[in-house]
Amino acid sequence: MKKIIYKLFIFSGLFFISCMDLDIPPRNILTNEIVFTTKSGVDAYIAKLYRDLPIEDFLCSTGKGWNNTDGNSGFGTWAGLTGEAIGHSVRSMTHLDWWTEGYKMLRDINIFLETLPQYSSNFSVPEVNQWIGEVYFMRAFAYYTMAIRYGGVIIVNESLKYPNETGDISEYMLSRSSEEDTWDQILSDYNEAIKLLDENKVTGRVNKYVAAAYKARAMLFAASIANFNTTSHFDTENQIRLCGIPKARAVDYYREAYEASKMCEGQYSLYKGDWIKSDPSAVYTNYLNILQFPNNNESILIREFKYPTYVHSFDCINSPFQYRVSSVVSTTCPTAEYVALFDGLDLDANGDLNFLDENGNYIMYDNLFDPYKNIEPRGRATIIFPGDIFWGEPLEIWRGIYTGPTEGGISKFFPKTSLSKYNTVKNVTSAANQTGIKSYTLETGEVTTTSGRSGSFNSEGYGSKTGFQLRKNMNSNLVKNMNVAGMSEQDWVDMRYAEVMLIRAEAAFELVELGNSNSEYLNDSYLMINEIRERAGATLMASMNELTRDVIRKERKKELGFENKAYWDLIRWRTYDIEQSSNRRYSSVFPFRISKNGKWIFDLKNTENTGYNFTFKPVWYYMSIPNSEISKNNNLLQNPI
């Protein structure tokens with residue numbers, strides 16, 4: 001497990017600001033002798049690079065970009081774009097450009113790689129190799145962040161001279177390389193990092209196995225583009241394919257991903273410290289603790305947060321409404337479609353959650369949590385269900401009271417695709433908003449309320465939009481009333497061994513699909529998926545015959561849900577435009593209390609509120625380069641818009 005720890009070494013002249021193309025720096029204010037002749041100076045430089053790594057963590061929002069104090073707020077949750085959840089304020093990817101920022105970081109990286117060897121006599125060979133290996137890792141990380149957005153980018157592996165030294169800026173008007181060459185550059189940098197880095201697991205440092213894990217992630221992305229992409233964009237003047245990779249390269253990249261993932265075997269493992277086979281409660285607790293206590297052998301790279309110096313607001317903005325101490329809560333509400341991925345739930349013939357009997361009437365449940373009580377423990381550790389315990393009390397989510405007859409069954413209120421609101425249903429009493437919850441006495445004599453304290457309501461409000469709340473990454477042990485902005489300090493786990501296993505399984509399976517009939521690949525993929533399923537408390541595959549591409553992808557969606565991975569998975573699989581083909585709407589499940597007998601019914605239908613139609617166009621698989629950069633460089637070609 002590696003932690004990114006921010007050491008506040010401040011060298012005011014070390015970090016430059018420039019409006020020049022590719023952000024070319026002015027002359028150093030601090031001399032190289034000051035920075036590169038002492039271990040503290042080199043460590044400070046590298047600490048700055050660690051801080052600048054574009055990790056999509058708690059402070060990264062699709063609505064406000066990196067390092068914002070709102071984090072994954074209603075101003076753009078990743079999950080709010082992918083169908084994992086509905087957020088209170090859905091945004092596009094307009095704030096996640098990383099072109100200008102990328103070249104700023106590449107500048108600092110290249111200066112380091114050019115300068116440190118000149119002062120290497122001040123340090124031991126292992127120290128120099130470790131530092132250079134770390135920075136090669138960071139360069140690969142930077143190029144990767146750009147490649148997944150733009151395809152082919154400008155490859156700059158040396159620092160450019162300050163323009164005043166030559167008086168000629170034409171050498172800075174560089175062209176983009178092909179997407180294939182860009183991914184090969186990423187591969188080369190990760191290979192160099194792996195070669196130079198040591199094997200020591202030292203807190204705060206990347207080692208060769210961390211680099212191998214990230215190499216596997218990158219190569220799986222490249223392989224997927226080669227395998228599934230159908231988009232091409234050419235620099236016709238230079239005969240360069242800026243977007244797209246020849247399909248023939250897919251095997252190369254999948255094999256690189258597979259071998260890199262295998263390097264991590266024996267170095268990391270799935271966390272099972274609290275796991276007891278056939279004990280759902282223990283399996284649930286174990287899965288919850290993977291991220292609650294990330295100082296375990298599953299975590300490969302984490303970004304550390306610590307109150308009060310480096311914090312986020314994840315608990316505040318994702319609190320269920322009944323625990324609110326802020327006006328912005330309940331911003332990530334898992335969809336019914338995401339919930340239906342998990343084993344142990346009743347599904348209909350279409351794979352949707354089922355709450356109806358054979359006659360099409362609502363099933364009546366004794367308790368609020370009953371429909372979900374058999375879900376695989378991983379699902380319960382990911383999502384808070386109505387009636388389940390969170391922060392010491394049951395989650396109160398219900399939409400209203402059904403006051404009509406029950407004889408002969410209760411017919412479904414609306415078709416699943418209806419956008420009608422529940423306050424139009426005869427015999428349903430509900431709350432207009434969060435301040436309109438009223439006491440209600442059931443015919444059984446029990447006193448309850450017209451809606452749960454966490455929603456949902458007739459108006460949008462800040463109650464649950466889907467009937468579910470997010471549990472994953474929330475601090476389960478938070479002290480009451482401490483879920484306020486700027487108080488959360490749980491770490492962000494950016495890479496864990498479960499992802500490496502999923503990379504290995506996917507790469508192995510796709511190699512077989514592409515004609516590599518090595519029986520080891522298929523068996524290995526099967527074993528990886530079953531091992532993850534066993535830890536999760538899910539149903540195991542009985543044989544390799546059950547293994548399919550959809551099975552692997554579904555497992556990835558469940559295991560890595562709400563870890564900011566799904567967006568890029570939909571991009572690299574080229575399935576986003578299928579998932580969200582035309583005004584796609586996701587579904588909610590709201591409980592209703594029956595006045596006559598005190599039982600519960602659950603209604604599945606499209607979300608009520610407007611503004612949650614999703615359409616993804618194929619042209620969006622590549623982001624546009626900022627126009628401010630295009631205007632500076634006549635040789636820089638824009639992606640199709």
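Residue numbers for the sequence shown follow the working numbering, so the first one is 1 and each next one is one higher. Backbone N, C-alpha and C define an ideal beta-carbon position, used for all residues, glycine too. In this text, all values refer to a predicted model and were calculated from it rather than measured experimentally.
Taking buried to mean at least 16 other C-beta atoms within 10 Å of its own C-beta, is residue i buried or exposed?
i	result
M173	exposed
Y307	exposed
L22	Here L22 scores only 46 on pLDDT, less than 50, and its place in the model should not be relied on; the value that follows carries that caveat. By the neighbour-count rule (16 or more Cβ atoms within 10 Å), L22 is buried.
D348	exposed
V339	buried
V283	buried
N530	buried
K161	exposed
M544	exposed
E179	buried
S435	This sequence places Thr at residue 435; Ser is not what is there. Exposed, by the Cβ-count rule.
M623	buried
L540	exposed
A142	buried
Y549	Residue 549 is actually Arg in this sequence, not Tyr. By the 10 Å Cβ count, R549 comes out exposed.
K277	exposed
P415	exposed
S519	exposed
K480	exposed
M105	buried
A85	buried
D603	buried
E407	exposed
Please state the DSSP three-state secondary structure of residue i.
i	result
S495	The sequence given here places Met at residue 495; Ser does not occur at that position. Note: M495 maps to strand in three-state DSSP.
D235	strand
R584	strand
V202	coil
L347	strand
N361	strand
L291	helix
V661	Here the chain comprises residues numbered 1 to 641, so residue 661 is not present and cannot be evaluated.
C264	coil
E443	coil
P618	helix
G71	The predicted position of G71 is uncertain, since its pLDDT is 43 and thus under 50; a value taken from the coordinates is nonetheless stated next. Note: G71 maps to coil in three-state DSSP.
K7	Residue confidence for K7 is low, a pLDDT of 37 falling below 50, so the modelled location carries little weight; the figure read from the coordinates is stated next. The answer is coil: DSSP assigns K7 none of H, G, I, E or B.
G133	helix
T37	coil
E171	helix
S628	helix
L353	strand
G452	strand
S488	strand
S281	helix
What are the partner residues of residue i, as DSSP defines its beta bridges?
i	result
V589	L604
T429	I401
K306	Y310
Q469	I384
S299	R496
R241	F234
I86	C333
I389	P394
K65	Note on residue identity: the sequence assigns Gly, not Lys, to residue 65. Its beta-bridge partners are S61.
S178	Answer by DSSP bridge pairing: none, since S178 is not bridged.
S327	Answer by DSSP bridge pairing: none, since S327 is not bridged.
Consider the Cβ of residue i: report whether some Cβ of chain D lies at a distance smaller than 9 Å.
i	result
A431	Structure shown: chain D not included; a single protein chain is present.
Kindly examine the ligand SAM and report whether one of its heavy atoms sits closer than 8 Å to the Cβ of residue i.
i	result
S624	Looking at this structure, you won't find the ligand SAM or any other ligand, since it has none at all.
Contact between the segment 441 to 459 and the segment 267 to 274 (3+ Cβ pairs under 8 Å): Not touching, per the Cβ criterion.
Inspect the CB distances between the segment 493 to 508 and the segment 226 to 239 and report whether three or more fall short of 8 Å. no
For a minimum of 4 consecutive residues, which ranges assigned as the alpha helix (DSSP H) are wholly contained in the segment 93 to 126? 100 to 115
For the segment 511 to 595, list the alpha helix (DSSP H) runs that are entirely contained and at least 4 residues long, ordered along the chain. 519 to 536, 549 to 559, 566 to 573 and 576 to 579
Three or more beta-carbon pairs under 8 Å between the segment 198 to 211 and the segment 247 to 256, yes or no? no
Taking one C-beta from the segment 479 to 495 and one from the segment 41 to 61 each time, how about it: are there three or more such pairs within less than 8 Å? Judged by Cβ distances under 8 Å, the segment 479 to 495 makes contact with the segment 41 to 61, as three or more pairs qualify.
Is the segment 553 to 570 in contact with the segment 581 to 589, if contact means three or more CB pairs nearer than 8 Å? no
Is there contact here, the segment 381 to 399 with the segment 294 to 304, by at least three beta-carbon pairs under 8 Å? The answer is no - the segment 294 to 304 does not touch the segment 381 to 399, with fewer than three Cβ pairs under 8 Å.
Closer than 8 Å is the cut-off here; do at least three beta carbon pairs connect the segment 147 to 157 with the segment 120 to 129? no
Flag this pair as touching only if the segment 216 to 235 and the segment 568 to 579 have three or more C-beta atom pairs under 8 Å; answer yes or no. yes
Would you say the segment 459 to 478 touches the segment 28 to 42, given that touching needs at least three Cβ pairs under 8 Å? no
Answer yes if the segment 614 to 630 comes into contact with the segment 423 to 437, meaning at least three C-beta pairs across the two stretches below 8 Å, and no otherwise. no
Taking three-plus beta-carbon pairs below 8 Å as touching, is the segment 415 to 431 in contact with the segment 354 to 365? no
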